Amino acid sequence: MKLYLCEKPSQGREIASHIGARTRGEGCITGNGVTVTWGIGHLVEQAKPEHYNPALKFWDIAHLPVLPDEWHMEVKDQTRDQYKIVAKLLKQATEVVIATDADREGEVIARELMQLNGYRGKVSRLWLSAFDDASVKKALASILPGEQTLPMYFSGMGRSRAGWLAGMNLTMALTKAFGAGGKDGTLHCGRVQTPVLALVVRRERAIAAFVPKAHFGVNATFLMGGASVPMAWVARAVLLDDEGRLVDRGSAEAVVKQVAGQTGKVSLVETTQEREVAPLLYSLGSLQREASARFGMKAQAVLDAAQALYEKHKATSYPRTDCEYLPRSMLAESNETLQAIAGAKPELATLATVAESALKGADERFRGRAFNDKQITAHHAIIPTRNPNIDVSAMTPTERTVFDMVCRRYLAQFLGDYQYSKTVIEVICEGESFRVSGKTPLVPGWRQTLPEATKAPTDKDDGQDAAVTLPKVRVGEEARNLRCEVQDRKTSPPKRYTEGTLLAAMESIDKEIEDPRWKAVMKNKEKAGIGTDATRSAIIEGLFKRDYIVAKKKELLPTEKAVALIGLIEEVSPEIADPILTAQWEDRLSQIENGEIELSQFELGLGEWLVQVIDGIKRQKGTRQISTSGKTRDLPTKGSSVVACPTCGKPMRRIDGSSGFCWGCTAYLEGCKSTLPDVDGKPGAARQGSLPQSQAGPSYPCPRCQKPLRLVKGPKGPFWGCTGYPECKHSQPDDEGKPGVRTDEVAGKVQRPKAAVARGAPMRTARAGAACPDCNTGLLVSKTMKDSGKAFVGCNRFPACRFFAWPAK
2 MKLYLCEKPS
12 QGREIASHIG
22 ARTRGEGCIT
32 GNGVTVTWGI
42 GHLVEQAKPE
52 HYNPALKFWD
62 IAHLPVLPDE
72 WHMEVKDQTR
82 DQYKIVAKLL
92 KQATEVVIAT
102 DADREGEVIA
112 RELMQLNGYR
122 GKVSRLWLSA
132 FDDASVKKAL
142 ASILPGEQTL
152 PMYFSGMGRS
162 RAGWLAGMNL
172 TMALTKAFGA
182 GGKDGTLHCG
192 RVQTPVLALV
202 VRRERAIAAF
212 VPKAHFGVNA
222 TFLMGGASVP
232 MAWVARAVLL
242 DDEGRLVDRG
252 SAEAVVKQVA
262 GQTGKVSLVE
272 TTQEREVAPL
282 LYSLGSLQRE
292 ASARFGMKAQ
302 AVLDAAQALY
312 EKHKATSYPR
322 TDCEYLPRSM
332 LAESNETLQA
342 IAGAKPELAT
352 LATVAESALK
362 GADERFRGRA
372 FNDKQITAHH
382 AIIPTRNPNI
392 DVSAMTPTER
402 TVFDMVCRRY
412 LAQFLGDYQY
422 SKTVIEVICE
432 GESFRVSGKT
442 PLVPGWRQTL
452 PEATKAPTDK
462 DDGQDAAVTL
472 PKVRVGEEAR
482 NLRCEVQDRK
492 TSPPKRYTEG
502 TLLAAMESID
512 KEIEDPRWKA
522 VMKNKEKAGI
532 GTDATRSAII
542 EGLFKRDYIV
552 AKKKELLPTE
562 KAVALIGLIE
572 EVSPEIADPI
582 LTAQWEDRLS
592 QIENGEIELS
602 QFELGLGEWL
612 VQVIDGIKRQ
622 KGTRQISTSG
632 KTRDLPTKGS
642 SVVACPTCGK
652 PMRRIDGSSG
662 FCWGCTAYLE
672 GCKSTLPDVD
682 GKPGAARQGS
692 LPQSQAGPSY
702 PCPRCQKPLR
712 LVKGPKGPFW
722 GCTGYPECKH
732 SQPDDEGKPG
742 VRTDEVAGKV
752 QRPKAAVARG
762 APMRTARAGA
772 ACPDCNTGLL
782 VSKTMKDSGK
792 AFVGCNRFPA
802 CRFFAWPAK
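In the working numbering, the protein residues as written are 2 to 810.
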């Protein structure tokens, strides 16, 4: 029996109608020699920690971490009946056609059922991009061999297990070590959730610490060519600071006094023809970001609408895609798609007709940049289907809005570039230069698709350009000053995240990473960001549901509980909140999918890392507590008395750190990093590196912002950090009480000790994925020497840990 295994009932019904299966059974449809059945999403889930250790029915940090030798799945209670049906059919099947969603998660849903029931027969893969009739028929005619998508299953299982290992173990450990108890006292931690929450918390800190700086400009109005033209003074470079701002008001006032009422001359009139290409088609991420920016839509609401358009209405293609391109072969289907748009949305019929005209006989000549075979990943961009029977009236308001966006973006690909002329006029008056620019539309091109009432986030018009109509003037004409005044300005604090900008930050997480190797990895489109287009909205939604973030209009604010949790994690085990860790995991998952490493290698390295992290949490258990309201309370250590910080006067606390006991200031989150050594359970004399700045010896300027560096006693050892943190995140390793240099080691120029060379000792070897034997905290990763291109293995905590080895063969 050939069995089609779908992800949900709606998929099963749709596919069954195309393969001649019309007899409804219990949880399946049969006929024409085939059977179609389905899950309801996942029918099974990872077993709970108490399955592996019954003692964890009541959380106990002493029994952590839980690292299963053999993974077990449990049938969900709410879907047990459907699971029994699928299990019975799998035992009867001679061939299984996986017909779940065409992505990593869909692969897992099907294959976990097959594995759990011991299925060993033939496996094929139905790869569907849309559910309209034409797309389903096309996919059924080109079913893939099952082994082609098998690596996606291993990668998906790696993602699932990594999420379970990190989420379960760290949530239990943090809660039992620092939580206040009770349901609301749970301190949630997740593989992606925690770095994302850290982005929001750190942005809020930056806003709170922001001090506005005054700077100035000069606005003037000149009469020229019979029109009054507002212009901006172009300050000479010598008057500007390093950031290009005028900070001396007196210079601006002097210009106003000098120019007011005077007559200058036009020194430049320059007109150029410019063009703006159409924005690419939508991926799920770009669709969510634009819907958030234009309409304030929640990311999850956009995904739900796109999923309904795909499954229920058969109006758009597969939504969970990270691709913004189409294969060149789909140009042949464009006329049908344009006709479907015109039929579904009469208000777009005229534009669809224009687009059809542009395509006539142009298959070979058409050069729309969205049609690019080299840019296609597992899926193509989200586009309208060729379904001629789309019923817009049956859609919800959100679904209609999303469908309209997808249709307009598709039409934009065929309407040509937006063309305009840009004119720049400069005036010299009393030796000072003033400038204005303006744009005149020439050919509307793709901008015809923009709704009149909505300005697209892709609009690149400068506000001044859009507001000014420039007269026709010639070089040498007089320009009389009518008005001239100083403009007071202030620098603005960083903007709070919206759901749209947080999604963008998750996708471009490389901006938060300093290590050049991992920065490069996270710029790679196939591995870009943390999370995936399909999971990011659910991660943000989870932060809402657990009361870690709240929305104020469009802006996202962290709750007190979130601020306390991230502050705690930064003290106890900062790598948990560091996006570089998630970047490394995403890279390893991609390697699994590409067949470069085994799933077991990934799990082994992750398990070794967890042992080290949880040991560190155990050592610091009981030093502080986060209440259910989010307040952090430092707990007195047994036998200790209150000791005032020598820097700020606030209480010190005794900490069991990675290098033994020490005393740290309780005002750590407020910026005081003072530490004292521990002497028989009491604070000893202050070390030089922990004294206030005025007593700490020579000052070392930050190479980025020139603010002083300070020596910080971090949980993984001392390092030098910028006092401008969080605005400046520069850090350097400690080199015997001075800021060290890491350039040579980043470049891979590490030499064997001379003594070892003299003894003839072999250079040590190691395997990527293992725990670092030097610091017992980091994870060994593969690196490449910049000068020779030779591979070596180093610790992911570099430069705090400088482990070096050749790859083991």
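Each residue gets a CB set at the ideal place from its N, CA and C atoms; glycine is no exception.
Note that the coordinates shown come from a computational prediction; the quantities given were computed from them, not determined experimentally.
Same chain, Cβ closer than 8 Å to residue i, neighbours up to 5 away in sequence not counted
i: Met74; result: Val45, Glu46, Gln47, Ala48, Glu113 and Leu117
i: Pro693; result: Only weak support exists for where Pro693 lies, its pLDDT of 38 falling under 50; the value from the coordinates is given anyway. Closer than 8 Å at the Cβ level, and outside the excluded window around Pro693, lie Pro647, Thr648 and Ser675.
i: Glu400; result: Ala306, Ala309, Leu310 and His314
i: Ser422; result: Thr272, Thr273, Gln274, Glu275, Lys440, Thr441 and Leu443
Cβ neighbours of residue i in the same chain (closer than 6 Å, five flanking residues each side left out)
i: Arg276; result: Asp418 and Gln420
i: Thr264; result: Glu479 and Arg481
i: Lys123; result: Glu96
i: Glu431; result: Gln259, Val260 and Gln263
i: Glu15; result: Phe132
i: Pro740; result: Tyr701, Leu710, Trp721 and Gln733
Residue closest to residue i, alpha-carbon to alpha-carbon, out of the options
i: Arg192; options: Gly795, Ile577 and Gln274; result: Ile577
i: Thr492; options: Met2, Lys177, Ile208 and Leu175; result: Ile208
i: Ala563; options: Cys190, Gly286, Lys791 and Ile384; result: Cys190
i: Ser574; options: Leu483, Pro196, Ala174 and Ile618; result: Ile618
i: Thr95; options: Val202, Val35 and Met153; result: Val35
i: Arg518; options: Gly226, Phe793, Leu57 and His19; result: Phe793
i: Ala100; options: Gly42, Arg121 and Pro55; result: Gly42
i: Tyr5; options: Met115, Thr317 and Ile615; result: Met115
i: Val782; options: Tyr726, Gln592 and Trp664; result: Gln592
i: Glu205; options: Phe179, Pro452 and Tyr498; result: Tyr498
i: Trp586; options: Pro196, His52, Lys58 and Gly186; result: Pro196
i: Thr322; options: Gly21, Met225, Ser284 and Ser335; result: Ser284
i: Leu304; options: Ala181, Ile383, Ile86 and Val239; result: Ile383
i: Pro389; options: Leu605, Gly344 and Lys138; result: Gly344
i: Val614; options: Thr317, Arg105, His19 and Ala167; result: Ala167
i: Ala413; options: Arg490, Ser335, Pro442 and Thr402; result: Ser335
i: Arg387; options: Gly532, Ser143 and Asp134; result: Asp134
Element boundaries [alpha helix (DSSP H), containing residue i]
i: Asp830; result: The structure shown does not extend to residue 830, since the chain is modelled only from 2 through 810, so no value can be given for it.
i: Lys313; result: That residue, Lys313, is in no alpha helix (DSSP H); it is neither H nor E in DSSP.
i: Trp586; result: Pro580 to Glu594
i: Ala686; result: Looking at the DSSP string, Ala686 is not in any alpha helix (DSSP H), and its letter there is neither H nor E.
i: Leu198; result: Gln194 to Ala210
i: Gln12; result: Pro10 to His19
i: Gly251; result: Arg250 to Val260
Three-state secondary structure (DSSP) of residue i
i: Lys546; result: helix
i: Gly122; result: coil
i: Arg518; result: helix
i: Glu427; result: strand
i: Glu271; result: strand
i: Met2; result: coil
i: Cys408; result: helix
i: Leu605; result: helix
i: Asn797; result: coil
i: Phe217; result: strand
i: Arg537; result: helix
i: Trp234; result: strand
i: Lys791; result: coil
i: Val355; result: helix
i: Asn336; result: helix
i: Thr322; result: coil
i: Leu188; result: coil
i: Ile567; result: helix
i: Thr24; result: strand
i: Asp489; result: strand
Continuous beta strand (DSSP E) stretch holding residue i: start and end
i: Lys440; result: Glu433 to Val444
i: Phe296; result: Looking at the DSSP string, Phe296 is not in any beta strand (DSSP E); the run it does join, the alpha helix (DSSP H), is Leu285 to Phe296.
i: Val45; result: Val45 to Gln47
i: Leu503; result: Leu503 -> not in any beta strand (DSSP E); alpha helix (DSSP H) instead, spanning Glu500 to Glu508.
heavy atom of the ligand SAM below 8 Å from residue i C-beta
i: Lys739; result: The model depicted lacks the ligand SAM and carries no ligand whatsoever.
Neighbourhood of residue i by C-beta distance below 7 Å, restricted to the same chain and skipping five residues each side
i: Lys520; result: Asp511 and Ile514
* To do: Give, in chain order, every unbroken run of the alpha helix (DSSP H) that is at least 4 residues long and sits entirely within the stretch 49–121.
  => As far as the stretch 49–121 is concerned, its whole alpha helix (DSSP H) runs of at least 4 residues are 50–53, 81–93 and 105–117.
* To do: Run through the stretch 357–398 for me and flag every whole beta strand (DSSP E) of 3 or more residues, listed as ranges in chain order.
  => Inside the stretch 357–398, DSSP marks no whole beta strand (DSSP E) run of 3 or more residues.
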